[in-house]
């Protein structure tokens with residue numbers, strides 16, 4: 001039986017074989033199952049503190065800021081861009097917003113300026129990359145430039161007293177902290193954009209196979225600019241929300257942002273070759289990381305274990321994704337699906 | 344003789360004349376005259392730590408007032424980078440002296456010996472034994488930080504406040520234990536607090552290196568331990584994170600005792616949000632060690648002083 005024949009006949013069948021469906025379920029819902037397992041574990045280990053509404057809200061709040069950065073990184077990865085300048089963009093956007101607020105600029109204008117800084121950084125990154133430079137090197141260079149710039153602007157010190165931003169930091173609305181709403185809105189907008197708009201789908205197409213996209217007439221460079229801009233815009237938003245949360249803008253670029261964000265992206269099973277991915281799963285990935293961190297904090301376990309657990313999860317997530325994809329492909333190609341997929 | 348050689352000879356002549364003008368009793372002003380305009384490298388753990396930035400500013404102010412130029416080298420928490428930067432600066436002849444806030448003291452032993460061989464005086468934060476040396480050394484000013492005393496002072500202040508407030512629960516916050524002296528600080532805080540306030544239990548501990556994570560962790564600990572009213576914070580970031588977390592939770596802690604002393608923490612102290620701040624007195628360190636460095640710039644073969652950074656308590 002040829003591969004073509006097998007796939008062709010499978011496409012005519014109503015349902016995929018049970019084994020393949022099972023693997024796809026593990027791939028798609030494995031993270032949710034993992035999260036539920038972690039919640040049950042800590043509900044027992046950290047009783048009676050962990051399994052409460054208040055802790056749940058605090059955990060969501062913690063995950064929401066990380067997920068904003070993760071969203072930017074995820075959009076970047078889906079569109080074939082690994083943007084390492086995210087921490088620098090976040091620091092600069094936060095510092096610029098803070099300095100403008102301190103100078104008496106209205107809150108909305110300061111926030112807008114911070115976000116525009118993000119878009120500008122994204123455009124500059126993209127314009128350099130489409131000249132043929134390696135995106136990894138370009139974004140590392142940009143991280144360096146942006147870190148230095150924000151340290152110079154802030155004079156090496158934190159810019160504190162940002163009480164004007166508490167409405168999007170520590171303020172709660174219906175008992176839920178503002179960053180949770182911001183993250184929700186961002187994920188909703190980005191998901192709708194990527195899944196339902198022509199521009200979003202083209203963006204994914206460019207990420208999946210830029211050459212193929214070019215051959216069907218998609219202006220690849222334009223979509224590269226768009227991908228970088230969205231990634232940097234999310235980073236800027238994350239920087240402003242972080243500054244609002246702590247009412248202080250720190251000029252130091254926190255590289256851990258990238259690690260935490262990439263952990264969420266990897267847990268979400270987004271392939272680093274681009275082209276596909278689910279943003280809601282990225283949000284769940286960020287929640288998983290926050291759950292582990294909170295659970296270990298409340299059980300009184302040394303917090304260094306949180307770092308180890310995150311690393312193990314990262315590799316585990318990648319391994320699970322690779323195993324499910326390969327096994328499902330093999331099953332489909334060989335026809336060894338537990339039942340006669342192709343009669 | 345080439346033009347550059349003439350210039351070198353002329354330069355040496357001017358230097359000799361300047362040195363000839365020095366009196367036997369070397370003072371900071373005479374040293375400053377002899378090397379006025381020379382560059383001192385300030386090598387820091389990281390430029391992103393406000394507290395160390397404030398030390399850098401104080402050193403720059405003090406040495407700048409004596410006619411020296413201070414350039415800051417950022418080690419970015421990398422001991423290898425710190426050693427390389429210092430050795431490059433010394434080998435290039437671009438610096439007359441250095442002030443080093445080590446990332447890892449033990450890794451700088453060979454660098455210090457190289458500085459001694461080149462007769463470039465240095466101030467180092469740490470005692471001689473931290474660098475594998477014994478006693479005073481030619482060309483090196485040691486400024487040791489007594490981490491045990493520092494932690495004990497924080498623990499004592501927290502215990503006094505907890506007893507006065509009748510508090511029964513406390514939170515203990517600190518930075519990563521990879522930071523210099525952090526284990527000694529942690530242990531001495533714990534010992535002093537449990538001895539001074541035996542009826543107050545530490546119900547939650549958290550390690551946080553930045554403001555946002557400190558705030559998040561304290562918020563979560565407050566949900567689990569809503570009666571925790573004493574905060575013992577070993578760093579600026581953890582103290583400020585606690586201030587924000589309590590404010591966000593609509594609670595007022597009985598005591599926040601902080602170790603640190605950066606500008607934001609002192610502002611929080613002035614605003615009444617922090618009960619007491621235990622801080623290294625970097626201003627006094629800059630003056631005392633700075634004066635000794637200036638003396639060594641004129642006489643790099645003489646022994647430098649061995650000082651201890653004073654500790655201030657602001658209530």
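Protein chains in written order, with our numbering: chain A, 1 to 343; chain B, 344 to 658. Backbone N, C-alpha and C define an ideal beta-carbon position, used for all residues, glycine too.
Outcome for residue i when other beta-carbon atoms lying within 10 angstroms are tallied against a minimum of 16
| i | result |
| --- | --- |
| residue 500 of chain B | buried |
| residue 435 of chain B | exposed |
| residue 374 of chain A | As shown, chain A starts at 1 and ends at 343. That puts residue 374 of chain A outside it, with no answer to give. |
| residue 574 of chain B | buried |
| residue 134 of chain A | exposed |
| residue 344 of chain A | Since the first residue of chain A shown is 1 and the last is 343, residue 344 of chain A is not available in this structure. |
| residue 496 of chain B | buried |
| residue 658 of chain B | exposed |
| residue 29 of chain A | exposed |
| residue 417 of chain B | buried |
| residue 211 of chain A | exposed |
| residue 635 of chain B | buried |
| residue 300 of chain A | exposed |
| residue 644 of chain B | exposed |
| residue 485 of chain B | buried |
| residue 182 of chain A | buried |
| residue 67 of chain A | buried |
| residue 631 of chain B | buried |
| residue 319 of chain A | exposed |
| residue 272 of chain A | exposed |
Length of the line joining the Cα atoms of residue i and residue j
| i | j | result |
| --- | --- | --- |
| residue 656 of chain B | residue 622 of chain B | 6 angstroms |
| residue 80 of chain A | residue 277 of chain A | 11 angstroms |
| residue 640 of chain B | residue 433 of chain B | 14 angstroms |
| residue 559 of chain B | residue 62 of chain A | 6 angstroms |
| residue 369 of chain B | residue 411 of chain B | Unreliable placement is indicated for residue 369 of chain B, whose pLDDT of 35 sits below 50; the coordinate value is still reported in the next sentence. Going by the C-alpha atoms only, they are around 17 angstroms apart. |
| residue 65 of chain A | residue 242 of chain A | 7 angstroms |
| residue 307 of chain A | residue 26 of chain A | 25 angstroms |
| residue 578 of chain B | residue 217 of chain A | 57 angstroms |
| residue 516 of chain B | residue 132 of chain A | 48 angstroms |
| residue 519 of chain B | residue 392 of chain B | 14 angstroms |
| residue 591 of chain B | residue 584 of chain B | 10 angstroms |
| residue 647 of chain B | residue 615 of chain B | 41 angstroms |
| residue 118 of chain A | residue 466 of chain B | 41 angstroms |
| residue 165 of chain A | residue 155 of chain A | 21 angstroms |
| residue 223 of chain A | residue 387 of chain B | 43 angstroms |
| residue 531 of chain B | residue 184 of chain A | 44 angstroms |
| residue 555 of chain B | residue 480 of chain B | 42 angstroms |
| residue 328 of chain A | residue 15 of chain A | 14 angstroms |
| residue 394 of chain B | residue 442 of chain B | 16 angstroms |
| residue 288 of chain A | residue 38 of chain A | 8 angstroms |
| residue 474 of chain B | residue 381 of chain B | 26 angstroms |
Beta carbon of residue i nearer than 8 angstroms to that of residue j
| i | j | result |
| --- | --- | --- |
| residue 447 of chain B | residue 422 of chain B | yes |
| residue 69 of chain A | residue 170 of chain A | no |
| residue 252 of chain A | residue 268 of chain A | no |
| residue 511 of chain B | residue 477 of chain B | no |
| residue 86 of chain A | residue 317 of chain A | no |
| residue 602 of chain B | residue 629 of chain B | no |
| residue 128 of chain A | residue 84 of chain A | no |
| residue 203 of chain A | residue 188 of chain A | no |
| residue 564 of chain B | residue 594 of chain B | no |
| residue 75 of chain A | residue 176 of chain A | no |
| residue 121 of chain A | residue 153 of chain A | no |
| residue 298 of chain A | residue 44 of chain A | no |
Supposed contact pair residue j and residue i - C-beta distance, whole angstroms, cut 8 angstroms
| i | j | result |
| --- | --- | --- |
| residue 236 of chain A | residue 148 of chain A | Contact flag wrong, Cβ pair sits at about 17 angstroms. |
| residue 59 of chain A | residue 266 of chain A | No, residue 59 of chain A and residue 266 of chain A are not in contact; Cβ-Cβ is about 20 angstroms, not under 8 angstroms. |
| residue 505 of chain B | residue 540 of chain B | 4 angstroms |
| residue 415 of chain B | residue 399 of chain B | 6 angstroms |
| residue 604 of chain B | residue 406 of chain B | Contact flag wrong, Cβ pair sits at about 21 angstroms. |
As assigned by DSSP and simplified to three states, the class of residue i
| i | result |
| --- | --- |
| residue 412 of chain B | strand |
| residue 425 of chain B | helix |
| residue 606 of chain B | helix |
| residue 49 of chain A | coil |
| residue 575 of chain B | strand |
| residue 529 of chain B | helix |
| residue 61 of chain A | helix |
| residue 175 of chain A | coil |
| residue 283 of chain A | helix |
| residue 657 of chain B | strand |
| residue 506 of chain B | helix |
Any non-hydrogen atom of the ligand FMN closer than 7 angstroms to residue i Cβ
| i | result |
| --- | --- |
| residue 599 of chain B | Judged by which ligands are present, the structure shown has none, so any question about the ligand FMN falls away. |
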